[in-house]
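I have placed the structure first, in the form of structure tokens, so that the comments after it can refer back to it.
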Amino acid sequence: MASKFDNRGIVQPSGVMEIKFNVTKPTNIIKFHAHTAFIKIKSIEISSVAKYSFIKNETIFPDIVVLTLNENLLPNNEIQMKIRYNTKVVLNDTIGIFRGQSLNFQTLKNENYYVTQLESIELRKVFPSFDDISIKAKFTFSLKHFKTMTAISTSAIKRIDINGVYAISHFDETITMSTYVFGFALSSFRSTTFISNNNVTLKVWAPHEQYYTSLLVGETQIGIFNELTKYFKTPYILPKIDTMMLPKFKYGGMENVGLIVIDGNSVKYIHAVTNSNSILIVNLIAHELIHQWIGNLVTPKEWKYIWLSEGITKFLEFLITDKLHPNMFPNHKYISFDLIYHRTAMEVDSTENFHPVEFYFDPSTEAFVKHFSFSYYKGFCITQMIYHLLGDKQFEKGINAYIANYAYKSVSSNDFFAVMDRYVEKRQPNSPNLIEVGLSWTSQAGFPLITVTQRRTICMDDNKDNGT
Ligand SMILES: [Zn+2]
395 MASKFDNRGI VQPSGVMEIK FNVTKPTNII KFHAHTAFIK IKSIEISSVA KYSFIKNETI
455 FPDIVVLTLN ENLLPNNEIQ MKIRYNTKVV LNDTIGIFRG QSLNFQTLKN ENYYVTQLES
515 IELRKVFPSF DDISIKAKFT FSLKHFKTMT AISTSAIKRI DINGVYAISH FDETITMSTY
575 VFGFALSSFR STTFISNNNV TLKVWAPHEQ YYTSLLVGET QIGIFNELTK YFKTPYILPK
635 IDTMMLPKFK YGGMENVGLI VIDGNSVKYI HAVTNSNSIL IVNLIAHELI HQWIGNLVTP
695 KEWKYIWLSE GITKFLEFLI TDKLHPNMFP NHKYISFDLI YHRTAMEVDS TENFHPVEFY
755 FDPSTEAFVK HFSFSYYKGF CITQMIYHLL GDKQFEKGIN AYIANYAYKS VSSNDFFAVM
815 DRYVEKRQPN SPNLIEVGLS WTSQAGFPLI TVTQRRTICM DDNKDNGT
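First residue of the sequence shown: 395, per the numbering used here; consecutive thereafter.
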């Protein structure tokens, strides 16, 4: 992908996308994603082009391109598709490739930065792709940009070629991953480097105004990362994690593989360690790191299973930060957050005609956004119930077996419950297995209403004085 500035300083990226895929059954149709409001396709070539030609190239939905070939692609063939295209940078929202500005304290001028936000289905606004959570692939990415800026991406930088005022940053091939957690960024931010116990390089990038906060974010992050690499037996696979701290970001954070984005406003009180806000800040930093395993490595098969990413991660935030900072969560604070999540989940879940936590919404709709946030809360509650059922040690074994079984793959709720069921120790005779119990919580709205009646007997001794 290359970037070109017009006379207003607006970047107009253009690129070449090469997609390789295997044909499993004969077809003369190729469908892929490219949002027409953003992407203008200039040309498409398909390998063995002499054999195939297009008879129709039309867009039926704004984000799906359908190619009809004049003869079938045959099974067991690897097809290469090369697409040249232009796309757009978004100026006033946080989708696709978006631009922000930060003040350079030395020049006192605003500088542009560019970051991607691709969850849930925004990659199709950046380049043509098979942009579906269920499809995992490896990405090889290069970015041409002004050499005064630094490019970072999901994978580590492989080499930088300088050509006049431009640089071309080439990145290593990514792990097998879903499209929504791919990312790249371009900025003149300063970075600070931290090295983990197992030699992973964590760099925090920040604009001048957030530089000192970024040092605290980095220190917090490295502590949590070291704790996570003890807890998770599947090693963190990349040699690095970059974190971009932005002056303005629509979300608290985003967990792109190897490239976390954090909202600077959400962490600006990180120095106030006694403030209850700091719990949320530490949890936010932990959240995006935990996603590197839960969500990025083991990914929900469909958007309806998103609680497997957000709910489990939300619960692990507390578990990990509590192990790392036992004094930071005095019981009353832990319990109060615990209750907030339960209360929020139950309030929403008891709405009349509400949908189950496992429910499909079109990711482009507002209903999906609402459901997404609900999945954090109910997902937290379900995971916490499993934690209490299994106990700390068995839960840890279960989570690790789940990651080991499904790393680089995609999962359903059933897959998660089936693994955790193997670690139930104290099973009552004839009690249902965890799959039945778990699915009853994810496939139905609401929760059981339990009435507890308490009877008390108070003994009064009339012979004593009532003097106290
Ligand atoms: Zn999350």
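All C-beta atoms, glycine included, are put in the ideal place defined by N, C-alpha and C. Quick caveat, the model's predicted, so the values are computed rather than measured.
- The three-state reading of DSSP puts H782 in helix, counting H, G and I together.
- In the assembly as shown, A798 is an exposed residue. Its beta-carbon has fewer than 16 other beta-carbons within 10 Å.
- Burial state of Y560 is exposed, judged by a 10 Å Cβ sphere holding fewer than 16 other Cβ atoms.
- For V813, the enclosing alpha helix (DSSP H) stretches over residues 807 to 815.
- Secondary structure note for I714: its alpha helix (DSSP H) is the uninterrupted segment 701 to 718.
- T851 and P842 have their C-alpha atoms roughly 29 Å apart.
- Taking 8 Å as the upper bound for CB-CB distance, H736 and C775 are in contact here, some 6 Å apart.
- Note on K764: under 16 other CB atoms within 10 angstroms of its CB, so exposed under the neighbour-count rule.
- Residue pairing of F415 in beta bridges, as defined by DSSP: I473.
- Secondary structure at Y560: strand, using DSSP grouped into helix, strand and coil.
- Along the stretch 567 to 615, the beta strand (DSSP E) occurs as fully enclosed runs of 3 or more residues at 578 to 581, 584 to 589, 595 to 600, listed in sequence order.
- Judged by DSSP in its simplified three-state form, F774 adopts helix.
- Relative to the Cα of L461, the nearest Cα in the group P826, I551, S437 belongs to S437.
- Annotation: F626 to H782 spans about 19 Å, alpha carbon to alpha carbon.
- Look at M395 here: in three-state DSSP terms it is coil, with no helix or strand label.
- K634 is the residue among Q778, K634, E439, E603 whose C-alpha sits nearest the C-alpha of Q615.
- Judged by DSSP secondary structure, V655 falls within the beta strand (DSSP E) whose first and last residues are 653 to 657.
- For a cut-off of 8 Å, the C-beta gap from S585 to W599 is around 5 Å, short enough to register as a contact.
- Look at E704: its beta carbon is less than 7 Å from one of the heavy atoms in ligand 1.
- For the stretch 462 to 541, there is no continuous alpha helix (DSSP H) assignment of 4+ residues that stays within its boundaries.
- The straight-line gap separating the alpha-carbon atoms of N470 and S441 is approximately 14 Å.
- Of the heavy atoms belonging to ligand 1, none sits nearer than 7 Å to the Cβ of T586.
- By the C-beta criterion, the stretch 407 to 414 is judged to be in contact with the stretch 478 to 488, since at least 3 inter-stretch pairs fall below 8 Å.
- Counting every other CB atom within 10 Å of its CB across the protein chains shown gives P823 a total below 16, marking it as exposed.
- Distances taken from the Cβ of T707 to the heavy atoms of ligand 1 include one shorter than 7 Å.
- Taking a contact to require three or more Cβ pairs closer than 8 Å, the stretch 481 to 499 and the stretch 670 to 686 do not qualify as touching.
- Beta-bridge partners of T421 (DSSP): L467.
- Within the same chain, Cβ atoms closer than 8 Å to the Cβ of T738 are found at Y771, the five residues on either side in sequence being excluded.
- Annotation: the continuous beta strand (DSSP E) that includes L640 extends over 634 to 640.
- If you check the CB distance, Y802 and I569 come in under 8 Å.
- Taken from the Cβ of E649, at least one heavy atom of ligand 1 lies inside 7 Å.
- As the crow flies, the alpha-carbon of I489 is around 47 Å from that of T845.
- In the structure shown, the three-state DSSP call for S437 is strand.
- Taking C-beta separations shorter than 6 Å and ignoring five residues to either side along the sequence, the partners of A579 in its chain run V509, I546, M638, following chain order.
- For ligand 1, a non-hydrogen atom lies closer than 7 Å to the CB of H681.
- Two segments are said to touch when three or more pairs of C-beta atoms, one from each, lie closer than 8 Å; by this definition the stretch 786 to 793 does not touch the stretch 751 to 758.
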